[in-house]
Amino acid sequence: MAHYRQVGEVPPKRHTQFRNAEGHLYYEELMGEEGFSSDSALLYHRGVPSAIVDAQVWELPDQTRTPNHPLKPRHLKLHTLFPHAGADAVTERRLVLGNNDVRIGYVVTGVEPSPYYRNAIGDECVYVEAGSGRVETVFGVLSYRQGDYVLIPRATTHRWVPAEPSRLYPIEANSHIAPPKRYLSRYGQLLEHAPYCERDLHGPTEPFLVQAGDQQSDVEVLVKHRTSAGIVGTRMTYATHPFDVVGWDGCLYPYTFNIDDYMPITGKIHQPPPVHQVFEGWNFVICNFLPRKVDYHPLAVPVPYYHSNVDSDEVMFYVGGDYEARKGSGINIGSISLHPGGHAHGPQPAAIEASLGAEYFDESAVMVDTFAPLDLGEAGLAAEDPAYAWTWAGRGPEGDNPAVFSNS
Numbered sequence: 001m002a003h004y005r006q007v008g009e010v011p012p013k014r015h016t017q018f019r020n021a022e023g024h025l026y027y028e029e030l031m032g033e034e035g036f037s038s039d040s041a042l043l044y045h046r047g048v049p050s051a052i053v054d055a056q057v058w059e060l061p062d063q064t065r066t067p068n069h070p071l072k073p074r075h076l077k078l079h080t081l082f083p084h085a086g087a088d089a090v091t092e093r094r095l096v097l098g099n100n101d102v103r104i105g106y107v108v109t110g111v112e113p114s115p116y117y118r119n120a121i122g123d124e125c126v127y128v129e130a131g132s133g134r135v136e137t138v139f140g141v142l143s144y145r146q147g148d149y150v151l152i153p154r155a156t157t158h159r160w161v162p163a164e165p166s167r168l169y170p171i172e173a174n175s176h177i178a179p180p181k182r183y184l185s186r187y188g189q190l191l192e193h194a195p196y197c198e199r200d201l202h203g204p205t206e207p208f209l210v211q212a213g214d215q216q217s218d219v220e221v222l223v224k225h226r227t228s229a230g231i232v233g234t235r236m237t238y239a240t241h242p243f244d245v246v247g248w249d250g251c252l253y254p255y256t257f258n259i260d261d262y263m264p265i266t267g268k269i270h271q272p273p274p275v276h277q278v279f280e281g282w283n284f285v286i287c288n289f290l291p292r293k294v295d296y297h298p299l300a301v302p303v304p305y306y307h308s309n310v311d312s313d314e315v316m317f318y319v320g321g322d323y324e325a326r327k328g329s330g331i332n333i334g335s336i337s338l339h340p341g342g343h344a345h346g347p348q349p350a351a352i353e354a355s356l357g358a359e360y361f362d363e364s365a366v367m368v369d370t371f372a373p374l375d376l377g378e379a380g381l382a383a384e385d386p387a388y389a390w391t392w393a394g395r396g397p398e399g400d401n402p403a404v405f406s407n408s
């Protein structure tokens with residue numbers, strides 16, 4: 001994130017002595033991407049940020065992945081995964097879909113704070129389907145609400161503190177997540193044709209320091225990281241509290257962006273998904289489909305044409321409104337559709353005629369397109385509607401009418 005920000009106290013020159021009123025030196029930490037060659041931030045700690053006193057194994061939730069084989073489109077009902085709110089935002093996330101570039105999860109929290117947590121594998125982009133609260137971080141506090149994307153850079157220590165039960169849709173990368181390059185100037189400013197700007201990005205505004213009487217030492221942080229054996233977890237115990245940063249500055253920090261602040265791009269005929277893009281990571285993109293005026297050519301067909309995902313798998317998470325192209329498929333709010341590469345997909349047949357003459361679509365969805373095939377996680381298998389693949393034909397392998405059992 002190339003938008004410079006300064007929060008709290010910092011010295012006039014970087015990498016120089018910086019002391020408190022009693023003369024004690026603050027400890028400077030450079031948090032940077034790509035080995036000192038990309039965006040970074042300088043944080044000033046009261047304690048030594050590398051002082052650990054213990055490290056133990058953290059057993060991660062089930063990370064098993066099952067290939068989408070035999071190949072078929074899938075409908076996953078995420079709202080069936082957590083019948084009751086109350087899960088932990090970090091330790092009880094369930095894996096829905098994933099590959100070696102990105103993992104998509106789901107969790108419905110209670111109101112208890114999560115453990116302190118750090119993802120050392122890649123950035124996280126967490127979409128807030130419902131709920132509100134705050135995310136406490138070493139950079140400061142972010143408030144979140146329904147419709148927010150919460151962008152958390154790799155290796156940022158943080159915890160979730162819900163004010164109410166929250167439905168969270170974490171997108172965990174093996175890379176960094178940023179605005180699409182085509183929206184940015186060569187110096188990193190969002191350009192005039194971009195569907196959002198820096199005013200829409202909300203980062204921390206002041207430090208978040210532990211107060212006297214709070215736990216000051218032996219603080220456990222759950223760290224998700226990589227080994228030659230794959231993704232693993234470690235419980236690191238720190239001698240001083242991670243939230244001891246008196247100030248920082250730079251271009252790397254967590255922020256929120258609300259989906260309502262995205263300005264949809266429309267056209268005379270149907271616009272392809274890239275016009276709805278909001279972020280990108282390595283081998284995947286994130287798009288918004290939002291309430292908008294639709295195509296105004298007199299012969300326009302507002303719903304999408306059938307298309308083959310030659311290079312990608314397409315994941316749509318339906319979060320609001322009434323999605324026109326999926327009428328009759330059983331998909332509702334809280335559904336995911338997975339349309340894999342190698343299979344042509346598009347609207348349900350009856351939706352095409354029904355859309356003609358429409359001037360406005362009231363629909364909201366978050367899309368992730370990946371350029372490597374997605375496997376199903378344990379939660380994806382548990383949430384599947386097995387009838388969805390046959391809804392375009394009107395019958396399945398046993399001759400069943402899918403409409404009988406796919407609209408629940």
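Heads up, the sequence shown is in UniProt numbering, so the first residue is 1 and it goes up one at a time.
Idealized CB from N, CA, C, for every residue including glycine.
None of these values were measured; they are calculated from a predicted model.
{"Check": "Separation of Arg226 from Ala344, as counted between CA atoms", "Outcome": "35 Å"}
{"Check": "Beta-carbon gap between Ala55 and Met236 smaller than 7 Å", "Outcome": "yes"}
{"Check": "Where Ile259 sits in the DSSP three-state scheme", "Outcome": "helix"}
{"Check": "Continuous beta strand (DSSP E) stretch holding Ser355: start and end", "Outcome": "No beta strand (DSSP E) holds Ser355; the alpha helix (DSSP H) holding it covers 349-355."}
{"Check": "Sub-7 Å separation of Asn258 and Gly147 beta-carbons", "Outcome": "yes"}
{"Check": "Sequence-distant residues of the same chain with beta carbon closer than 8 Å to Ser132, five excluded per side", "Outcome": "Ser143, Tyr144, Arg145, Gln146, Pro162, Ala163, Glu164, Ser166"}
{"Check": "Where Ala229 falls, given that 16 or more other Cβ within 10 Å makes a residue buried", "Outcome": "exposed"}
{"Check": "Contacts around Tyr4, its chain only, beta-carbon distance under 6 Å, and the 5 residues preceding and following it disregarded", "Outcome": "Cys251"}
{"Check": "Stretch pair the stretch 87-102 + the stretch 279-292: three plus CB contacts closer than 8 Å", "Outcome": "yes"}
{"Check": "DSSP three-state assignment for Val404, whether helix, strand or coil", "Outcome": "Note on Val404: pLDDT 44, under 50, position unreliable in the model; no value is reported."}
{"Check": "His193 - partner residues in DSSP beta bridges", "Outcome": "Looking at the DSSP assignment, His193 forms no beta bridge with any residue, so it has no partner."}
{"Check": "Per-residue burial, Met263 [other beta carbons within 10 Å of its own, 16 or more giving buried]", "Outcome": "exposed"}
{"Check": "In chain order, each beta strand (DSSP E) run of at least 3 residues that lies wholly inside the stretch 270-305", "Outcome": "277-281, 284-289"}
{"Check": "Paired residues, beta bridge with Pro170 - DSSP", "Outcome": "Val126"}
{"Check": "Distance CB(Asp261)-CB(Tyr196) smaller than 7 Å", "Outcome": "yes"}
{"Check": "Local Cβ density within 10 Å of Asn288, reported as buried at 16 or more and exposed below that", "Outcome": "buried"}
{"Check": "Alpha-carbon to alpha-carbon, Gly23 and Glu9", "Outcome": "15 Å"}
{"Check": "For Val48 and Ala85, the rounded distance between their alpha carbons", "Outcome": "38 Å"}
{"Check": "Per-residue DSSP class, three states only, for Tyr27", "Outcome": "strand"}
{"Check": "Range covered by the beta strand (DSSP E) that runs through Leu95", "Outcome": "94-98"}
{"Check": "Buried versus exposed call for Tyr187 [16 or more other C-beta atoms within 10 Å across all chains shown]", "Outcome": "exposed"}
{"Check": "Residue burial classification, Leu81 (beta-carbon count within 10 angstroms, cutoff 16)", "Outcome": "buried"}
{"Check": "Coarse secondary structure for Ala382, derived from DSSP in three states", "Outcome": "helix"}
{"Check": "Beta-carbon spacing of Tyr127, Tyr183 below 7 Å", "Outcome": "no"}
{"Check": "Leu42 beta carbon less than 7 Å from that of Leu25", "Outcome": "no"}
{"Check": "Nearest-angstrom beta carbon gap, Pro204 and Val219 [assumed within contact, 8 Å]", "Outcome": "Incorrect: roughly 20 Å between the Cβ atoms, too far for contact."}
{"Check": "For Val141, the first and last residue of its enclosing beta strand (DSSP E)", "Outcome": "140-144"}
{"Check": "Of the residues Phe361, Leu376, Ile52, Ala372, the one placed nearest Gly321, counting alpha carbons only", "Outcome": "Phe361"}
{"Check": "Nearest-angstrom beta carbon gap, Trp392 and Gly233 [assumed within contact, 8 Å]", "Outcome": "Not confirmed; about 41 Å, so no contact."}
{"Check": "Distance CB(Tyr116)-CB(Val221) smaller than 7 Å", "Outcome": "yes"}
{"Check": "Close-in-space but distant-in-sequence residues of the same chain around Asp369 (CB under 6 Å, 5 per side omitted)", "Outcome": "Val285, Ser312, Glu314"}
{"Check": "When Pro304, Ile121, Leu76, Tyr106 are compared against residue 411, the one with the closest alpha-carbon", "Outcome": "An answer regarding residue 411 cannot be provided, because it is not within the stretch 1 to 408 covered by the chain."}
{"Check": "Neighbour-count burial assignment, Phe36, 16 or more Cβ in a 10 Å radius", "Outcome": "exposed"}
{"Check": "Per-residue DSSP class, three states only, for Trp392", "Outcome": "coil"}
{"Check": "Where Leu78 falls: helix, strand or coil (DSSP)", "Outcome": "helix"}
{"Check": "Val138 versus Gly247: straight-line alpha-carbon distance, rounded", "Outcome": "10 Å"}
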